[in-house]
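Take a look at the structure below.
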Amino acid sequence: MNGFLHQSLHHTLQQAVEWVQNSPPIFNRSANPLFLDSPLPAGLAPVIPSAEELDILASLVNQKGNPLLGIFNETLWQFLLSQFPDSRTMVSNLQVKGKKNGQPATLGEYDIIYQLRNQFIHRELAVKFYLGIPSEDINTNGSPWHNWVGPGLKDRLDRKMDRLLHHQAILSDTNEGQAALLKLGIEQPVQKEILVQGRLFYPLYPLGTNESAITPLTDIQGFFQSEAEQMMEAKCQPPEFCNPNHLKGYWLTQSQFLLSTQPLTKNVSFQIPHKLQWLNQKPVAEPLNHNELLHQLKKQAKPVYVRAFQQKQQEQMHLFILPDNWPEKAEEVSHQ
Numbered sequence: 504m505n506g507f508l509h510q511s512l513h514h515t516l517q518q519a520v521e522w523v524q525n526s527p528p529i530f531n532r533s534a535n536p537l538f539l540d541s542p543l544p545a546g547l548a549p550v551i552p553s554a555e556e557l558d559i560l561a562s563l564v565n566q567k568g569n570p571l572l573g574i575f576n577e578t579l580w581q582f583l584l585s586q587f588p589d590s591r592t593m594v595s596n597l598q599v600k601g602k603k604n605g606q607p608a609t610l611g612e613y614d615i616i617y618q619l620r621n622q623f624i625h626r627e628l629a630v631k632f633y634l635g636i637p638s639e640d641i642n643t644n645g646s647p648w649h650n651w652v653g654p655g656l657k658d659r660l661d662r663k664m665d666r667l668l669h670h671q672a673i674l675s676d677t678n679e680g681q682a683a684l685l686k687l688g689i690e691q692p693v694q695k696e697i698l699v700q701g702r703l704f705y706p707l708y709p710l711g712t713n714e715s716a717i718t719p720l721t722d723i724q725g726f727f728q729s730e731a732e733q734m735m736e737a738k739c740q741p742p743e744f745c746n747p748n749h750l751k752g753y754w755l756t757q758s759q760f761l762l763s764t765q766p767l768t769k770n771v772s773f774q775i776p777h778k779l780q781w782l783n784q785k786p787v788a789e790p791l792n793h794n795e796l797l798h799q800l801k802k803q804a805k806p807v808y809v810r811a812f813q814q815k816q817q818e819q820m821h822l823f824i825l826p827d828n829w830p831e832k833a834e835e836v837s838h839q
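Residue numbers (this note's numbering): 504 to 839.
This is how it looks when you write it as structure tokens:
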């Protein structure tokens, strides 16, 4: 994790460890029996690492260089699943080799195999930040998974869930997957589980909202309308079968942000957290005033994850601020 001082690295890891152990899954067993209802193995309390244990975790993370958020998340769990009583990580990122179209190939990868008491468990992991695209299709179960896309428009919820459920999680059902486990001395069937965490961002304004319809906010709390009203107005329901207690945020375009927040020149601060601090409640990031944030946004013609908070208030607003042409591109991606 280049660019982090020792103290801020410990701060980042301490908060990330707390977040992954306590944040609700985006999907639970009501969506599929493989999804976990809780991040922690049943009956176990969260781990609070000591400074020495954080040094061990820091070493694991630093071995990955500058890891992507998903690899960072896997490393956190690789560490944690060896900290719980009667639990140990057997192996992580174990590649399964075989043949594809007659040629040698990597057929998949076990994120983590761990042992809890006498049971071997295969855990697949994902930490995702998806943005919802409004749809005219109203479904009592929620919006279609293809309407949820990554901020960079290279990822889509339906594709990720399909790969998790129908490929990654069932590796141990294949001959090649079983052979990889036998090399570890695991002969008994492994229990399968999937943990999907992250945050879902809902449109603050319906698509095509006229600029004249955007009311300037005089208080950051103006962002916090009733979630039900917000989703109804924007015609963006939660994903089908998702956990109703998932973490939430909002997205809006740069123009919408400028129009709606012009009065917010005092008492409100913003942060642009480093991506590996997206899991942190209190990122180590420079506080920006409104004008400073606008300057940063103009320099970056890409989606930016922003935390907004009012002085003397603990509650944060989680925002994705997007280029003005992003919604149109996102609609195209959601239907490809």
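Quick reminder that beta carbons are idealized off the backbone N, C-alpha and C, glycines included.
Checklist entry - What separation, rounded to the nearest whole angstrom, lies between the Cα atoms of residue 687 and residue 578? => result If you take the alpha carbons of residue 687 and residue 578, they lie about 20 Å apart.
Checklist entry - Span of the alpha helix (DSSP H) holding residue 662? => result Where residue 662 is concerned, the enclosing alpha helix (DSSP H) stretches over 660–666.
Next on the checklist: For residue 508, which residues in the same chain have their Cβ closer than 8 Å to its Cβ, ignoring the five residues on either side in sequence?
Outcome noted: Any reading at residue 508 must be qualified, since the residue scores a pLDDT of 47, below 50, and its modelled position is unreliable; no value is offered.
Checklist entry - Which residues in the same chain have their Cβ closer than 7 Å to the Cβ of residue 831, if we skip the five residues on either side of it in sequence? => result When the five nearest sequence neighbours on each side are left out, no beta carbon in the same chain lies closer than 7 Å to the beta carbon of residue 831.
Checklist entry - Counting Cβ pairs closer than 8 Å, one from the stretch 512–531 and one from the stretch 540–552, do we hit at least three? => result yes
Item to check | Straight-line gap, residue 810 to residue 591 (C-alpha atoms, nearest Å) | outcome: One Cα belongs to residue 810, the other to residue 591, and the distance between them is close to 36 Å.
Item to check | Residue range of the unbroken alpha helix (DSSP H) whose run includes residue 574 | outcome: It spans 572–583 - the alpha helix (DSSP H) in which residue 574 sits, taken as one unbroken run.
Item to check | Cβ-Cβ separation, residue 617 to residue 626 (assumed contact under 8 Å), whole Å | outcome: 7 Å
Next on the checklist: When you compare the stretch 749–765 with the stretch 694–711, are there three or more beta-carbon pairs, one atom per stretch, that lie closer than 8 Å?
Outcome noted: yes
Checklist entry - Are residue 663 and residue 537 closer than 8 Å when you measure CB to CB? => result no
Item to check | Burial state of residue 718, where buried means 16 or more other Cβ atoms lie within 10 Å | outcome: Residue 718 comes out exposed.
Item to check | residue 811 in three-state terms, based on DSSP | outcome: strand
Next on the checklist: So the candidates are 614, 613, 598, 615; which of them puts its Cα closest to the Cα of residue 607?
Outcome noted: 598
Next on the checklist: I'd like the span of the alpha helix (DSSP H) that includes residue 611, first residue to last.
Outcome noted: It is not in any alpha helix (DSSP H) - residue 611 instead sits in the beta strand (DSSP E) that spans 606–619.
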